[in-house]
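Take a look at the structure set out below.
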């Protein structure tokens with residue numbers, strides 16, 4: 074994984090800016106005195122020079138005010154924990170205040186719209202969860218666009234999803250589950266924590282990739298789906314591994330496959346979806362950071378470099394491991410591709426599943 078080079082910081086920004094402003098002032102003075110020899114041309118040129126130096130100085134002087142990280146959920150979840158770790162690290166490294174603001178509601182759109190409309194200066198970032206690239210395919214109103222309105226900074230971490238079945242279901246592998254589903258089409262069920270949620274679309278992606286017919290049973294939250302899953306009233310569920318791990322360890326659920334790019338340390342004997350022949354089933358609770366579109370590339374590079382340094386710390390890795398979070402870390406370009414690919418993937422899945430935007 075490559076990291077952007079450290080930016081050089083000129084020492085003469087203030088002097089350059091002062092000179093540019095003085096040039097603009099003199100041009101305006103001459104215009105006021107009646108100097109008719111191209112006054113408007115000189116005035117516009119001077120203003121352009123001043124504006125260029127203002128932009129340059131602002132970009133190279135970053136940061137010089139409070140940095141805000143907006144989380145689209147209430148405090149306490151994985152996204153919030155990661156955001157607070159990053160804020161603490163930025164504050165220490167950049168010697169500038171960094172805070173986390175929780176703006177839940179609207180399936181994340183309240184936070185997304187707030188950040189999209191914020192100044193593109195690097196002082197407001199968004200924690201982009203798994204649902205970030207799903208939302209536009211589920212709503213008739215285009216409340217935000219995850220590609221056009223945002224600039225990728227870094228895919229910090231991921232909480233892998235795991236496919237589980239009740240202990241009573243007579244299958245012990247993904248292949249056996251697929252065989253059972255094909256033997257009894259539209260008989261087996263999969264649960265989710267609600268229509269249009271990452272867990273729902275993960276199940277639909279599995280159906281599409283495996284070529285099986287399953288019945289979707291939406292529940293109102295994880296606390297509602299788990300009792301029916303444990304009792305065998307639904308046959309399969311794909312969800313975040315950190316919430317399901319205790320039930321797997323206790324033998325109440327059977328883990329058939331994880332959805333990450335590599336095996337999970339806490340379940341070393343459970344294969345990935347790619348290993349069982351379903352490489353397209355890549356789903357998880359990604360925790361990325363994005364900024365408003367138009368944020369200067371040098372500011373994006375600075376944020377990426379500092380965040381990369383924070384998440385490279387062994388202590389950060391240990392703290393994330395305790396809450397079931399895998400540390401990733403990417404370049405802005407690599408994360409932008411992830412977002413673009415996911416956006417296209419969920420468009421395909423929602424269309425194939427016949428999910429109508431609401």
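Numbering (the working numbering), first residue to last: 74 to 431.
Just so you know, even glycine gets a beta-carbon here, dropped at the ideal spot from N, CA and C.
Predicted, not measured: the structure shown is a model, and the values here were computed from it.
**Prompt:** Given residue 305, which residues of its chain have a CB within under 6 Å of its CB, disregarding the five upstream and five downstream residues?
**Reply:** 239 and 241
**Request:** Pull up the CB-CB distance for residue 355 and residue 332, whole angstroms please, since I reckon it's below 8 Å.
**Result:** 6 Å
**Asked** If we count Cβ pairs, one from each stretch, closer than 8 Å, do we get three or more for the region 345-359 versus the region 272-281?
**Response** yes
**Asked** If you draw a straight line from the C-alpha of residue 156 to the C-alpha of residue 200, how long is it?
**Response** 7 Å
**Asked** Cβ atoms of residue 403 and residue 227: under 8 Å apart, would you say?
**Response** yes
**Asked** Cβ atoms of residue 399 and residue 233: under 8 Å apart, would you say?
**Response** yes
**Asked** Should residue 433 be labelled buried (16 or more other beta-carbon atoms within 10 Å of its own) or exposed?
**Response** Since the first and last residues shown for the chain are 74 and 431, residue 433 lies out of range.
**Prompt:** Which value, in whole angstroms, describes the spacing of the CA atoms of residue 390 and residue 181?
**Reply:** 27 Å
**Asked** Between the beta-carbon of residue 266 and the beta-carbon of residue 235, is there less than 8 Å?
**Response** no
**Prompt:** If you drop the 5 nearest sequence neighbours on each side, which residues of the same chain put their C-beta closer than 6 Å to that of residue 166?
**Reply:** 379
**Asked** Given that a residue counts as buried once 16 or more other Cβ atoms are within 10 Å of its Cβ, and exposed if not, what is residue 106?
**Response** Confidence is the limiting factor: at residue 106 the pLDDT is only 48, short of 50, which leaves the residue's position unreliable and the question unanswerable from this model.
**Asked** Would you report the Cα separation of residue 120 and residue 192, rounded to the nearest angstrom?
**Response** Low confidence applies to residue 120: its pLDDT is 46, below 50, so where it sits in the model is not reliable enough to give any reading.
**Message:** Which runs of the beta strand (DSSP E) at least 3 residues long sit entirely within the region 187-266? Give them in chain order.
**Reply:** 197-201, 223-231, 234-239 and 262-265
**Message:** For residue 331, report the span of its beta strand (DSSP E) as first-last.
**Reply:** 326-331
**Request:** Answer yes or no: do residue 189 and residue 370 have a C-beta to C-beta separation smaller than 8 Å?
**Result:** no
**Item:** Residue ranges of each beta strand (DSSP E) within the region 298-356, 3 or longer
**Value:** 309-313 and 326-331
**Asked** What residue range is occupied by the uninterrupted beta strand (DSSP E) comprising residue 158?
**Response** Run containing residue 158: none in the beta strand (DSSP E); it sits in the alpha helix (DSSP H), 151-167.
**Rounded separation between residue 136 and residue 224 - CA only** = 18 Å
**Prompt:** With respect to 7 Å, is the separation between the Cβ of residue 220 and the closest non-hydrogen atom of the ligand GDP below this value?
**Reply:** The model depicted lacks the ligand GDP and carries no ligand whatsoever.
**Segment contact flag, the region 411-419 with the region 244-260, C-beta cutoff 8 Å, min 3 pairs** = no
**Message:** Does residue 175 come out as helix, strand or coil in the three-state DSSP assignment?
**Reply:** strand
**Residue interval of the alpha helix (DSSP H) (run including residue 384)** = 370-384
**Request:** Assign residue 134 to one of two classes, buried (16 or more other C-beta atoms within 10 Å of its C-beta) or exposed (fewer than that).
**Result:** exposed
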